[in-house]
Amino acid sequence: MVLELNASDDRGIDIVRGPILSFASTRTIFKKGFKLVILDEADAMTQDAQNALRRVIEKFTENTRFCLICNYLSKIIPALQSRCTRFRFGPLTPDLMVPRLEHVVAEESVDVSEDGMKALVTLSSGDMRRALNILQSTDMAFGKVTEETVYTCTGHPLKTDVANILDWMLNGDFTTAYRNIVELKTLKGLALHDILTEIHTFVHRVDFPPSVRIHLLIKMADIEHRLAAGTNEKIQLSSLVAAFQTCWRICNRPAHREQLRSFFHGRVSPNGPSPSHLANPGPLLTWKKA
Numbered sequence: 009m010v011l012e013l014n015a016s017d018d019r020g021i022d023i024v025r026g027p028i029l030s031f032a033s034t035r036t037i038f039k040k041g042f043k044l045v046i047l048d049e050a051d052a053m054t055q056d057a058q059n060a061l062r063r064v065i066e067k068f069t070e071n072t073r074f075c076l077i078c079n080y081l082s083k084i085i086p087a088l089q090s091r092c093t094r095f096r097f098g099p100l101t102p103d104l105m106v107p108r109l110e111h112v113v114a115e116e117s118v119d120v121s122e123d124g125m126k127a128l129v130t131l132s133s134g135d136m137r138r139a140l141n142i143l144q145s146t147d148m149a150f151g152k153v154t155e156e157t158v159y160t161c162t163g164h165p166l167k168t169d170v171a172n173i174l175d176w177m178l179n180g181d182f183t184t185a186y187r188n189i190v191e192l193k194t195l196k197g198l199a200l201h202d203i204l205t206e207i208h209t210f211v212h213r214v215d216f217p218p219s220v221r222i223h224l225l226i227k228m229a230d231i232e233h234r235l236a237a238g239t240n241e242k243i244q245l246s247s248l249v250a251a252f253q254t255c256w257r258i259c260n261r262p263a264h265r266e267q268l269r270s271f272f273h274g275r276v277s278p279n280g281p282s283p284s285h286l287a288n289p290g291p292l293l294t295w296k297k298a
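In the working numbering, the protein residues as written are 9 to 298.
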């Protein structure tokens, strides 16, 4: 016998004291073996519900087994974690996702291009359910699944959009770059968080000196954290543009080495030793839009 519940729908203590307790407390008469309780998205349960579930697990362990499925282990209380055996399942690889998506596409007669399939795999990040949801939404909205329609349907910026944003921030003045990005966000309904995520991959590809890349990644992490806290998007966008333009201008002016040194390391003594990576800053930045 199996009881399957979605803990995100019924996340309070009543679900533990009601259906779960009733199911676990009764013994099977005509069947041998254990009964099974499956709690999907258990990390959505309240603290009180998890504490109550701990007692139920202890009391009825002789005839019932419990399977807790979660996305974030840190949201499961330690008392429950210690009573369970952990099994970690990583994201699906493209080799596993593509054949299944092709099967669904063939069965449902969906028009999907090759770049559209790649976009589905990329944006789903190994989550098959998310890939199928994007596939269905894109097909219903546009009738054809291509890279452009997939990115438009999910609200993610296209690679060309990200390339334009980087070009504006690195080759234009602050005011023009900020205005162009705001206009692009408004025109396509983009979120700064999604832009930040896509820019992150480009930062590793641009010919930045290591110190500049490290500083930019730290600034981007700070902006992402502030966005998650609900701060103003326009202010954070200004901070992002300023970070890129400051790094760009300083690194392209060898005469400003002392400014570069203090910029990356905060308050450094003027007479202190010069870090080796700043003593030889390397080549100038060479960004060109593809």
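No residue lacks a Cβ here, since even glycine has one placed at the ideal position from N, Cα and C.
Model, not experiment: these values are computed from the prediction.
Is residue i buried or exposed, if buried means 16 or more other CB atoms sit within 10 Å of its CB?
{"i": "residue 206", "result": "buried"}
{"i": "residue 101", "result": "exposed"}
{"i": "residue 132", "result": "buried"}
{"i": "residue 82", "result": "exposed"}
{"i": "residue 212", "result": "exposed"}
{"i": "residue 89", "result": "exposed"}
{"i": "residue 111", "result": "exposed"}
{"i": "residue 40", "result": "exposed"}
{"i": "residue 237", "result": "exposed"}
{"i": "residue 119", "result": "exposed"}
{"i": "residue 263", "result": "Confidence in residue 263 is poor, its pLDDT being 42 and thus under 50, which makes the residue's placement unreliable; the coordinate value appears in the next sentence. By the neighbour-count rule (16 or more Cβ atoms within 10 Å), residue 263 is not buried but exposed."}
{"i": "residue 10", "result": "exposed"}
{"i": "residue 127", "result": "buried"}
Taking residue i as the reference, which of the options has the closest Cα?
{"i": "residue 63", "options": "184, 91, 176", "result": "91"}
{"i": "residue 224", "options": "248, 68, 78, 175", "result": "248"}
{"i": "residue 76", "options": "69, 84, 148", "result": "84"}
{"i": "residue 51", "options": "80, 69, 37", "result": "80"}
{"i": "residue 125", "options": "115, 151, 109, 114", "result": "109"}
{"i": "residue 96", "options": "78, 103, 106, 113", "result": "78"}
{"i": "residue 194", "options": "93, 239, 171, 164", "result": "164"}
{"i": "residue 196", "options": "179, 168, 214", "result": "168"}
{"i": "residue 117", "options": "242, 210, 152", "result": "152"}
{"i": "residue 232", "options": "214, 221, 208", "result": "208"}
{"i": "residue 171", "options": "192, 143, 240", "result": "192"}
{"i": "residue 147", "options": "113, 255, 241", "result": "113"}
{"i": "residue 242", "options": "210, 183, 214", "result": "183"}
{"i": "residue 215", "options": "190, 174, 46, 17", "result": "174"}
{"i": "residue 253", "options": "221, 17, 137", "result": "221"}
To which residues of the same chain is residue i closer than 8 Å at the C-beta, ignoring the five residues directly before and after it?
{"i": "residue 54", "result": "19, 20, 21"}
{"i": "residue 35", "result": "71"}
{"i": "residue 227", "result": "247, 248, 251"}
{"i": "residue 129", "result": "102, 105, 106, 109, 139"}
{"i": "residue 142", "result": "128, 131, 132, 158, 161, 162"}
{"i": "residue 29", "result": "64"}
{"i": "residue 210", "result": "170, 171, 174"}
{"i": "residue 94", "result": "81"}
Only counting the same chain, and skipping five residues up and downstream in sequence, which positions put a Cβ closer than 7 Å to that of residue i?
{"i": "residue 24", "result": "57, 60, 61, 64"}
{"i": "residue 156", "result": "166"}
{"i": "residue 234", "result": "244"}
{"i": "residue 272", "result": "Bear in mind that the predicted position of residue 272 carries a pLDDT of just 38, short of 50, making it too unreliable to give a figure here."}
{"i": "residue 99", "result": "133, 134, 135"}
{"i": "residue 154", "result": "121, 123, 124"}
{"i": "residue 42", "result": "71, 72, 73"}
{"i": "residue 14", "result": "48, 49"}
{"i": "residue 199", "result": "163"}
{"i": "residue 33", "result": "68"}
Closer than 6 Å by C-beta to residue i: which residues in its own chain qualify, once you throw out the five before and the five after it? Chain order, please.
{"i": "residue 87", "result": "62"}
{"i": "residue 145", "result": "161"}
{"i": "residue 201", "result": "235"}
{"i": "residue 6", "result": "This structure cannot settle anything about residue 6, because the visible part of the chain is limited to 9 through 298."}
{"i": "residue 31", "result": "11"}
{"i": "residue 176", "result": "185, 188"}
{"i": "residue 150", "result": "157"}
{"i": "residue 203", "result": "165"}
{"i": "residue 27", "result": "none"}
Spell out whether any CB of chain D is found under 9 Å from the CB atom of residue i.
{"i": "residue 234", "result": "Looking at the structure shown, chain D is missing, and only one protein chain is on hand."}
* To do: Counting only runs of 3+ residues fully inside the stretch 16 to 52, write out the beta strand (DSSP E) ranges in chain order.
  => 43 to 48
* In chain order, which continuous runs of the alpha helix (DSSP H) of length 4 or greater are located wholly inside the stretch 197 to 251? -> Complete alpha helix (DSSP H) runs here, min 4: 200 to 211, 218 to 236.
* At what residue ranges does the stretch 106 to 187 contain a whole run of the alpha helix (DSSP H), taking only runs of 4 or more? -> 122 to 132, 136 to 150, 155 to 162, 167 to 179
* Ignoring anything shorter than 4 residues or poking outside the stretch 81 to 108, list the alpha helix (DSSP H) runs there in chain order. => List check, alpha helix (DSSP H) in window: 86 to 89.
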